[in-house]
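Engineer: Quick note on my numbering: the sequence shown kicks off at 19 and runs consecutively.
Structure in structure tokens, see below.
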Amino acid sequence: MSRAPYNYERVYNNREMDPYARAPPPARAGNPHSISRLRPGETRRMRVSKCPDPKLVYTNMLVVSERDFERDVRLIKVNEQHVFNILPSVECAAGEIGPAGLQRQWAQLSINKEVTVEALDDNAACVFLSRMDVEVSFLRATQETALSVDADEIAEMLRGSFENLAFSIGQPFVFDFQGSTIKGVVTGLAGVPLDVLQGTQTADEDEATALGVLSAATTVVVGKASGTLLDVRGAAGRHRANAIIQPDFRFEDLGIGGLDAEFSNIFRRAFASRIFPPELVDKLGIQHVKGILLFGPPGTGKTLMARQIGKMLNAVEPLIVSGPEILNKFVGQSEENVRKLFEPAEREYRERGDSSQLHIIIFDELDAICKQRGARSDSTGVGDSVVNQLLAKMDGVDQLNNILIIGMTNRKELIDDALLRPGRLEVQIEVGLPDEPGRLQIIKIHTAKIRDNGILAADVDLSELATLTKNFSGAEIAGLVKSASSFAFNRHIRVGGTAELAQDIADMTLQREDFISALDEVRPAFGVAAEEFDQCAANGIIEFAPHVADILHKSHLFVEQVHQSTRSPLVSVLLHGAAGSGKTALAATIAQQSAFPFVKLVSPESMIGFTDSQKIGAITKIFNDSYKSPLSLIVVDDIERLLEWVPIGARFSNSILQTLLVLIKKQPPRGRRLLLVGTTSERDVLAQMDLSAGFSSEIYIENICTLDGLQKVVRHARLFDSQNDYDALFATLADYIAVRSFSVSIKKLLLLIETARQDPDRHSRFMDEFGTIC
């Protein structure tokens, strides 16, 4: 703590204004007390009486007889506990002390009772105060009124009136301010020892002390006591930072990985203003942030971050409540539950004002109670009433400045708009999927004990694991470590009639193969739908014509465009052609080769039996999930089937059509990129619906219509074992197509080949089937 530039030694040696600099009283013959004055270090039993003059109460000194103490005694200790400045007076009888009522209360002294009094020397208070914290209130409850006082004026008055007096922690005192009797209580002291002032020792900063002398250079911090109506305004030495952060807290103790940017943003928006003195914030004319909304995919650390914020702050123990816990079947009880959450903060704010502690209320699953008003289907109106009650408490008529609401949800779009405006949940932080450095932090956190105990094998590379866990959330990484541990456990278990340990478990380690096996078992929710795409491209891609390689090349360029270009965050491609021409297989191959962390398939076969609203919800969810990943690819397969289009009557679902029209053209959020691949066998129909115009590019997929193409597919499928059989079949095919044109889809041709493979006469069966499909 920095000290004001002041000559403490000059103050210490200045006795001109010293209340103890008095002339010695005349000796009285025959008076035993005239020859028995207490010297420093001596004790005596003395009787407690009333203060002889009410005016002396404002000196805040203990009135004693001038015949009981030597001239150099300034301080006494009563009952070995409480230290008083003494004021010798002829009005006090010898052998008595005359404390005021406030002093008797503090030291628990009773009139006419004897107490032990010890005379102290100057070394008992050889610490000069660099800072003194004082809480002020009215002396009597009957005087309570909404009086506003300036803290700077009070601090200056205290330094002028009580300079060179000693003060101790908890000591009460009274003073007159603007005609009102004010009570002060010392709540904190920091001082500079005399040996430091004299230069015999050095100190880096002022030290906390229990007793010290007030000087003209002391910084007096004036605050409002609990329960008083007195309003304290002004700086009065509060230009120091508020201790809102726990003094022994380290940010490494948070145990939060991959959320450094989000946490810095929260600290800047919600807590930076609380570190500064209230008077400075008041000059800016602003209020502290009252609400934070953490939203994002499940398992990304929202709840963990909220809990750790509560531990980090020097505040009241946070209230953690789940949204559904608020709701109650009885009328008005849900609203009452909300009001009870704010009662402690309201009570302290009425008593202490801006000096009150911060109260944190954490709402988990906020969307359960704060849905858009009017959107509920029930007729009770309870949900809307809960939202109204929460709005009134956060930013209603009686505003609180000592609360912080932290809400968490996976569905931000469900939250009522009034809660998201400034003054309520104004700080909205998206807690997204961690990037690679973030995943490395999370992996280090979850493997810390494994590494500290030497159980992690040397072949495990944490950086490699961070690369392999694309789009894993923090919870999924924790699940990955658990799964890897289960594989390590399994190596040491011998399963027979009973499960028993196969070898010494002291040798157990988590190896790289355990994590690789766990990666096959634990799949990210926002990852790649690998199994679905494997089924779509089960036969691979057969390059039966040059245009197939050209399509793959163009597709690779589209992938690179999404990767590299900053001007085209959304690229959409429509693959169209005859049914069975390989559109779905090509789209699946593009998806698999893209290496995007989020790859999903929108397919009609996964929505069999869905109503229109269910299909719209499923499609919208996939698109919304894609916006949570930095790079995403969505394959919308068989679009006409999604639209439920049939040629008879030209029927289709307009609601699904409008949904696709919006989503195909919708730009992803800033920093997110999306490649959209659609497939259709009815391109003309989509053109009439104006849907094909929503795609930025189109690629036509041709059927097989050349002998060379046929030969490549048949050889690739290995229909025959000998070259002679191939030559005979190809000769027959050449004669057959010489007189007629043909067009066959790759899907039908592969099915034809498998059918012919089952017949002993493959040649004849192939030609028979080929004639029927051409």
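C-beta: ideal position from N, C-alpha, C; glycine also.
Would you decide whether residue 248 is buried or exposed? Buried here means 16 or more other CB atoms lie within 10 Å of its CB.
Structural biologist: The sequence position of residue 248 within the sequence shown is 230, counting from 1. Its Cβ being crowded by 16 or more others within 10 Å, residue 248 is buried.
Engineer: Output the boundary residues of the beta strand (DSSP E) element that contains residue 419.
Structural biologist: Numbered from its first residue, the sequence shown carries residue 419 at position 401. That residue, residue 419, is in no beta strand (DSSP E); it is neither H nor E in DSSP.
Engineer: Could you check where the alpha helix (DSSP H) with residue 456 kicks off and where it finishes?
Structural biologist: Position 438 of the sequence shown holds residue 456. Residue 456 -> alpha helix (DSSP H) spans 454-464.
Engineer: Where do the N-terminal and C-terminal ends of the beta strand (DSSP E) with residue 186 fall, by residue?
Structural biologist: For this step, residue 186 is matched to residue 168 along the sequence shown. Run containing residue 186: 184-186, per the beta strand (DSSP E) assignment.
Engineer: Using only CA atoms, which one of 612, 610, 692 and 595 lies nearest to residue 640?
Structural biologist: Along the sequence shown, one-based indexing puts residue 640 at 622. If we check each option's Cα against that of residue 640, 692 comes out closest.
Engineer: So what's residue 180 in DSSP terms, helix, strand or just coil?
Structural biologist: Within the sequence shown, residue 180 is the residue found at index 162, counting from 1. Three-state result, residue 180: coil.
Engineer: Over what stretch of residues does the beta strand (DSSP E) that includes residue 798 continue unbroken?
Structural biologist: Outside the modelled stretch of the chain, which goes from 19 to 792, sits residue 798, for which no answer is possible.
Engineer: For residue 319, which residues in the same chain have their Cβ closer than 7 Å to its Cβ, ignoring the five residues on either side in sequence?
Structural biologist: Counting from one through the sequence shown, the residue named residue 319 turns up at place 301. Result list for residue 319: 274, 277, 449 and 492, in chain order.
Engineer: Within 8 Å (strictly less), CB to CB, does residue 249 reach chain C?
Structural biologist: The chain labelled as chain C is not found in the depicted structure, where only one protein chain is given.
Engineer: Taking buried to mean at least 16 other C-beta atoms within 10 Å of its own C-beta, is residue 348 buried or exposed?
Structural biologist: On the sequence shown, residue 348 is found 330 positions in, with the first residue counted as 1. So residue 348 ends up on the exposed side.
Engineer: Does the stretch 549-564 come within contact of the stretch 604-623, defined as at least 3 CB pairs closer than 8 Å?
Structural biologist: yes
Engineer: Considering Cα atoms alone, identify which of 708, 308, 127 and 590 is closest to residue 658.
Structural biologist: Within the sequence shown, the letter at position 640 stands for residue 658. Taking only the C-alpha atoms, the option nearest residue 658 is 708.
Engineer: Going by Cα to Cα distance, which pick from 67, 196 and 390 is closest to residue 82?
Structural biologist: Here residue 82 refers to the residue found at position 64 of the sequence shown. When each option's Cα is compared against that of residue 82, the closest is 67.
Engineer: If we call anything under 8 Å between Cβ atoms a contact, is residue 389 one with residue 345?
Structural biologist: Counting from one through the sequence shown, the residue named residue 389 turns up at place 371. Counting from one through the sequence shown, the residue named residue 345 turns up at place 327. For residue 389 and residue 345, no; Cβs fall outside 8 Å.
Engineer: Go ahead and label residue 304 buried or exposed: buried means 16 or more other beta carbons lie within 10 angstroms of its beta carbon, across all protein chains shown.
Structural biologist: Stepping through the sequence shown from its first residue, residue 304 is reached at position 286. Residue 304 is exposed by the Cβ-count criterion.
Engineer: From residue 147 to residue 181, what distance separates their C-alpha atoms?
Structural biologist: Residue mapping note: residue 147 aligns to position 129 of the sequence shown, counting from 1. Residue mapping note: residue 181 aligns to position 163 of the sequence shown, counting from 1. One C-alpha to the other measures close to 11 Å.
Engineer: Quick check on the DSSP output: the beta strand (DSSP E) that includes residue 132 runs from which residue to which?
Structural biologist: Here residue 132 refers to the residue found at position 114 when the sequence shown is read from its first residue. Note, residue 132: beta strand (DSSP E), 132-138.
Engineer: With DSSP run on the structure shown, which of helix, strand or coil describes residue 776?
Structural biologist: If you number the sequence shown from 1, residue 776 lands on position 758. In the three-state DSSP reduction, residue 776 falls in the coil class, being neither helix nor strand.
Engineer: Roughly how many angstroms lie between the CA atoms of residue 682 and residue 660, to the nearest whole one?
Structural biologist: Residue mapping note: residue 682 aligns to position 664 of the sequence shown, counting from 1. Residue mapping note: residue 660 aligns to position 642 of the sequence shown, counting from 1. Approximately 14 Å between the Cα atoms of the pair.
Engineer: Which of the three DSSP states is assigned to residue 244 in this structure?
Structural biologist: For the purposes of this step, residue 244 is identified with residue 226 of the sequence shown, where counting begins at 1. DSSP places residue 244 in coil when its eight states are reduced to three.
Engineer: When you compare only the Cα positions, how much space is there between residue 45 and residue 209?
Structural biologist: By 1-based counting over the sequence shown, the position of residue 45 is 27. By 1-based counting over the sequence shown, the position of residue 209 is 191. Because the pLDDT of residue 45 is 44, which lies under 50, any placement of that residue in the model is unreliable, and the question is left without a value.
Engineer: Check residue 229 in the structure and name its three-state DSSP category.
Structural biologist: On the sequence shown, position 211 is the one that residue 229 refers to. Three-state result, residue 229: strand.
Engineer: In chain order, what residues of the same chain lie with their CB nearer than 8 Å to the CB of residue 222, ignoring the 5 residues before and after it?
Structural biologist: Counting from 1 along the sequence shown, the entry for residue 222 is found at position 204. Its pLDDT being 47, under 50, residue 222 is placed unreliably by the model, and the measurement read from it follows with that caveat. Contacts found: none.
Engineer: In chain order, what residues of the same chain have a beta carbon less than 8 Å from the beta carbon of residue 41, not counting five sequence neighbours either side?
Structural biologist: Position 23 of the sequence shown, counting from 1, holds the residue named residue 41. Its pLDDT being 44, under 50, residue 41 is placed unreliably in this model, and the coordinates cannot settle the point.
Engineer: State the start and end residues of the unbroken beta strand (DSSP E) segment that holds residue 168.
Structural biologist: In the sequence shown, the residue the question calls residue 168 occupies position 150. 166-168 is the span of the beta strand (DSSP E), which, as asked, contains residue 168.
Engineer: By the 10 Å Cβ neighbour count, where 16 or more other Cβ atoms means buried, how is residue 752 classified, buried or exposed?
Structural biologist: On the sequence shown, residue 752 is found 734 positions in, with the first residue counted as 1. Per the 10 Å Cβ criterion, exposed.
Engineer: In terms of residues, what are the limits of the beta strand (DSSP E) holding residue 193?
Structural biologist: Along the sequence shown, read from residue 1 onward, the residue named residue 193 stands at position 175. 190-195 is the extent of the beta strand (DSSP E) around residue 193.
Engineer: Considering residue 595, what are the terminal residues of the alpha helix (DSSP H) in which it resides?
Structural biologist: If you number the sequence shown from 1, residue 595 lands on position 577. Residue 595 -> not in any alpha helix (DSSP H); beta strand (DSSP E) instead, spanning 588-595.
Engineer: Let me know if residue 310 comes out buried or exposed under the rule of 16 or more other beta-carbons within 10 Å of its beta-carbon.
Structural biologist: Sequence index remark: in the sequence shown, residue 310 carries index 292 (1-based). Classification of residue 310: buried, given that the 10 Å Cβ count is 16 or more.
Engineer: In whole angstroms, give me the CA-to-CA distance for residue 286 and residue 327.
Structural biologist: Stepping through the sequence shown from its first residue, residue 286 is reached at position 268. Stepping through the sequence shown from its first residue, residue 327 is reached at position 309. Going by the C-alpha atoms only, they are around 13 Å apart.
Engineer: Following the continuous beta strand (DSSP E) through residue 62, name the residue where it begins and the one where it ends.
Structural biologist: Reading the sequence shown from its first residue, position 44 is the one you call residue 62. Note, residue 62: beta strand (DSSP E), 61-66.
Engineer: My guess is that residue 206 and residue 151 are in contact by the Cβ rule of under 8 Å, so how many angstroms apart are they, rounded?
Structural biologist: In the sequence shown, residue 206 corresponds to position 188, counting from 1. In the sequence shown, residue 151 corresponds to position 133, counting from 1. Indeed, because the Cβ distance is near 3 Å, the residues count as touching under 8 Å.
Engineer: Alpha carbons only, please: which of 468, 461, 174 and 473 is nearest the one belonging to residue 482?
Structural biologist: Residue 482 sits at position 464 when you count from the first residue of the sequence shown. Selected option, being the one with the closest Cα: 461.
Engineer: What runs of the beta strand (DSSP E), each 3 residues or longer, lie entirely inside the stretch 90-119?
Structural biologist: 93-96, 100-107 and 114-116
Engineer: Kindly confirm or deny that the stretch 663-676 and the stretch 558-573 touch, where touching means at least three C-beta pairs closer than 8 Å.
Structural biologist: no
Engineer: Using CA atoms only, rank isn't needed, just tell me which of 92, 458 and 198 is closest to residue 56.
Structural biologist: For this step, residue 56 is matched to residue 38 along the sequence shown. Cα-wise, what sits closest to residue 56 is 92.
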